[in-house]
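Asks: All residue numbers for the sequence shown refer to numbering that gives the first Met the number 0, where the first residue is 0 and numbers rise by one.
Here's a structure for you.
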Amino acid sequence: MALATFAQAYSELAPGEQAQFAEAVRRLLSDGLIWREDESDRRIYTFLARRRDLVQDYLQVAGWELRQNELLGIFQVAHREGAHRRRLNRDTTTWLLLLRLMYAESREKLVVMPTRYPVVTMSEVVQRYAEFFPGQVVRKKTSLEDALRTLAALKLVRVRRASADEPSIELLPTLEIVVPASDIAALAERLAQYNRASEESETASEGTL
0 MALATFAQAY SELAPGEQAQ FAEAVRRLLS DGLIWREDES DRRIYTFLAR
50 RRDLVQDYLQ VAGWELRQNE LLGIFQVAHR EGAHRRRLNR DTTTWLLLLR
100 LMYAESREKL VVMPTRYPVV TMSEVVQRYA EFFPGQVVRK KTSLEDALRT
150 LAALKLVRVR RASADEPSIE LLPTLEIVVP ASDIAALAER LAQYNRASEE
200 SETASEGTL
């Protein structure tokens, strides 16, 4: 769509829709994705579904692509040149990959779940971590809490805290967007690489006076 055509189409929007347009673009660029089942996203998702072409044409000018996964009810923006990606530290990335792997494993199990999306406990995540990184769990528990705060803000997990029990983690389908199913086979190898790097770092530290 030419800019003149876009300007004409935008000018024909009602004032309320123009405000929704601005909010939708701002939230897409700040959050990265809009999920229909997130209460704060639902109204924006509905607008995007109705005005997808207009928003897409606007974002394309700056090199952004608007993608929609109708099955999961998610709109996502990605820069064509990979710019403006959210950078996570090594520990948070490790926990993200581990949780994505647990999400895939839960989905593959032919069992009835009490919740719509897979839920794991903190101890289950720590135990799974120990399988990949023996001997490193104790000093990594704090990094798990930090990672969960970051991943919850990114709408990838929900942390549920019960008064009597340990916190549980709801693994959301948005994980499928940030780590596609096609990458699952490479997750274990990526985690193994992180483990080898950690072991080499520890070995080097032990040899330093």
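Glycine included, C-beta positions come from ideal geometry on N, C-alpha and C.
Along the chain, which unbroken stretches of the beta strand (DSSP E) at least 3 residues long are found entirely within the region 17-51?
Replies: Counting only runs of 3 or more, we get 32-34.
Asks: Beta carbon of residue 178, beta carbon of residue 168: below 8 Å?
Replies: Their beta carbons are not under 8 Å apart, which means residue 178 does not touch residue 168 by this criterion.
Asks: Count the other CB atoms within 10 Å of the CB of residue 202; is the residue buried (16 or more) or exposed (fewer)?
Replies: Reliability fails at residue 202, whose pLDDT of 47 lies under 50, so the model's placement of it is uncertain and no value is given.
Asks: If I follow the unbroken alpha helix (DSSP H) through residue 211, where does it start and stop?
Replies: An answer regarding residue 211 cannot be provided, because it is not within the stretch 0 to 208 covered by the chain.
Asks: Look at residue 94 and residue 146 and say whether their C-beta atoms are less than 8 Å apart.
Replies: For residue 94 and residue 146, yes; Cβs fall inside 8 Å.
Asks: Hey, which unbroken runs of the alpha helix (DSSP H) at 4 residues or more fall wholly within the region 57-115?
Replies: Within the region 57-115, the complete alpha helix (DSSP H) runs of at least 4 residues are 89-107.
Asks: If you follow the beta strand (DSSP E) that residue 215 is in, where does it begin and where does it stop?
Replies: Any answer about residue 215 is impossible in this case: the structure gives the chain only from 0 up to 208.
Asks: At the level of alpha carbons, what is the spacing between residue 29 and residue 164?
Replies: Looking at the two C-alpha atoms, the distance is approximately 34 Å.
Asks: For a test of the three-state rule: what should DSSP assign to residue 160, helix, strand or coil?
Replies: In this structure, residue 160 counts as coil in the three-state DSSP scheme.
Asks: Compute the Euclidean distance between the alpha carbons of residue 185 and residue 104, then round it to the nearest angstrom.
Replies: Cα to Cα, residue 185 sits roughly 14 Å from residue 104.
Asks: In the DSSP output, what is residue 118 paired with across the bridge?
Replies: Bridge partners of residue 118: 169.
Asks: What is the rounded straight-line gap between the Cα of residue 15 and the Cα of residue 9?
Replies: Rounded to whole angstroms, residue 15 to residue 9 spans 12 Å at the Cα level.
Asks: Could you say which of 131, 67, 114 and 96 lies nearest to residue 31 if we only look at CA atoms?
Replies: Out of 131, 67, 114 and 96, 67 has the C-alpha closest to the C-alpha of residue 31.
Asks: Can you find the residues in the same chain that come closer than 7 Å, C-beta to C-beta, to residue 127, ignoring five residues on each side of it along the sequence?
Replies: Taken in chain order, the residues that qualify are 97 and 101.
Asks: Where do the ends of the alpha helix (DSSP H) carrying residue 11 lie?
Replies: Unbroken run through residue 11: none, as it is neither H nor E.
Asks: Which residue wins for smallest C-alpha separation from residue 124, given the options 108, 114, 141 and 115?
Replies: When only C-alpha atoms are compared, the closest one is 141.
Asks: Would the beta-carbon of residue 158 fall within 8 Å of that of residue 151?
Replies: Contact flag set, yes.
Asks: State the start and end residues of the unbroken alpha helix (DSSP H) segment that holds residue 177.
Replies: That run of the alpha helix (DSSP H) goes 174-177.
Asks: Pick out whichever of 175, 122, 73 and 64 has its Cα sitting closest to the Cα of residue 46.
Replies: Closest by alpha carbon: 73.
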